[in-house]
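Be aware that the sequence shown starts at 204, since it is given in our numbering, and climbs by one per residue.
Here is the structure we will look at.
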Amino acid sequence: MNALQDVIVLGGGPAGAATAARLAITGIRVALVERPGPASVRIGESLPPAAWARVVALGAAARFLSDRHLETPGTVACWETETPAAHDYLYTPPGRGWHLDRRRFDRMLRKTAVAAGARVIRARPLDIESRSNGFWTLRVRGRDGAMERVSGRLVVDATGRSSWFARRQGMRRSRLDRLVALAGLVPTPATADPRLLVEAAPWGWSYCVPQPSGGLAAVCLMDADDPWRGSTLASTWRSRIGSTPHVAARAGELAPTCVRLLSAATERLMQFAGHGWLAVGDAAFSRDPLSSGGIAGALEMASLAAESIGSWFQGSCRAAAEYASALEDQWSRYLAEQRVQYGAVDRWPTELFWLRRRGAMTSRSPAPASDRR
204 MNALQDVIVL GGGPAGAATA ARLAITGIRV ALVERPGPAS VRIGESLPPA AWARVVALGA
264 AARFLSDRHL ETPGTVACWE TETPAAHDYL YTPPGRGWHL DRRRFDRMLR KTAVAAGARV
324 IRARPLDIES RSNGFWTLRV RGRDGAMERV SGRLVVDATG RSSWFARRQG MRRSRLDRLV
384 ALAGLVPTPA TADPRLLVEA APWGWSYCVP QPSGGLAAVC LMDADDPWRG STLASTWRSR
444 IGSTPHVAAR AGELAPTCVR LLSAATERLM QFAGHGWLAV GDAAFSRDPL SSGGIAGALE
504 MASLAAESIG SWFQGSCRAA AEYASALEDQ WSRYLAEQRV QYGAVDRWPT ELFWLRRRGA
564 MTSRSPAPAS DRR
């Protein structure tokens, strides 16, 4: 069977699903290819107030609110000094943010896309079979092993850090740092405070955030070449969280139910769009968690991508270039904000982690990221 579409969106995360929804709302035929099987567990992610307008624009406000994500009135940071500093969302419409249950959030976005007319194909992309007569043809395999061909005039790569489609167009990813996250989930939080707490440390920084499903996510961020490498993940998590007293006070003495090591590096594609394709979300570029911009950025990219694709279908020969330029602007703003955030900490002037962020030992020139084909 060959499913003929205007646009193929590869990846069912926030960037892909939101792009598919926005395209379908305008009447564009779109297939959202989502990998089958259970979604990976994602903890410690939030939707800031500024991103609420993106949810409303999708017509998804009622669905979002019915999922009962955990509301939060603001954030707390022990960053420039040891003294906690609170940031209140009261004066930022809609006056609150939300800690997300990512499975519910992603499912809500996919339902929004389907309600708008998108077709969801639960399958894993295998290869790009051809591009002829202005159409891409991809082979995908479903959960039952059945093979299917999907054809479309344009492909949106929303496959996360793997950049599955863009890499097959010869695009490389570059990495600006080697930040990793050690994430643990504590079964029962020691405090009812719903605010995200961020705390700097000599080796990096940590944060903790209550989860809608219960428990507390506590995450420590450090460089991959940190000397902790010889320890077990659980013992490293305990020692790092224990060295940030405010986060440790919230996490209490309970052992985490699981500890996972994840890449949190700042990475990007060397090119965000090409002939008949573009990238969104982490497939385009991945942010440091300190920016709190992962979900918000994905929704913003989805909006930009849908506008660009709409212009392309109306005959604009500049659509892809204008989209790429908009993402370059996003990237530049992100780097500028990152420099300000890390540059505000001068408590450990000789520690390698902070020297790197302040530019004292390494430049901002990117290094090739490892292959994730």
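The C-beta atom is built at its ideal place from N, Cα and C for all residues, glycine as well.
Values in this document were obtained by computation on a predicted structure and should not be read as measured data.
In the structure shown, residue 246 adopts coil according to DSSP, grouped into three states.
The alpha-carbon separation between residue 229 and residue 508 amounts to approximately 13 Å. In the three-state scheme derived from DSSP, where H, G and I count as helix and E and B as strand, residue 231 is classed as coil.
Remark: C-beta atoms of residue 311 and residue 472 do not approach each other more closely than 9 Å.
Excluding its 5 nearest sequence neighbours in each direction, residue 309 has C-beta neighbours in its own chain below 8 Å: 215, 216, 217, 220 and 242, listed in chain order. CA-to-CA, the gap between residue 500 and residue 346 works out to about 30 Å.
Annotation for residue 491: 382, 467, 469 and 541 place their beta carbon closer than 7 Å to its own, counting only its chain and skipping 5 residues before and after. Judged by beta-carbon spacing, residue 305 lies beyond the 9 Å limit of residue 489, meaning their Cβ atoms are not closer than that value. Residue 257 carries a helical assignment under DSSP once its states are collapsed to helix, strand and coil.
DSSP places residue 449 within a helical segment (H, G or I) once states are collapsed to three. In the three-state scheme derived from DSSP, where H, G and I count as helix and E and B as strand, residue 543 is classed as helix. Judged by DSSP in its simplified three-state form, residue 275 adopts strand.
Counted as a single uninterrupted DSSP element, the alpha helix (DSSP H) harbouring residue 319 occupies residues 305 to 319.
Taking 9 Å as the cut-off, the beta carbon of residue 572 is found no closer than this to the beta carbon of residue 477. Annotation for residue 333: 339 and 340 place their beta carbon closer than 8 Å to its own, counting only its chain and skipping 5 residues before and after. Cα atoms of residue 337 and residue 355: separation of roughly 8 Å, rounded to the nearest angstrom.
The stretch 222 to 240 makes contact with the stretch 315 to 323, as at least three CB pairs between them are under 8 Å. For residue 425, the three-state secondary structure derived from DSSP is strand.
Assigned with DSSP and collapsed to three states, residue 532 falls in helix.
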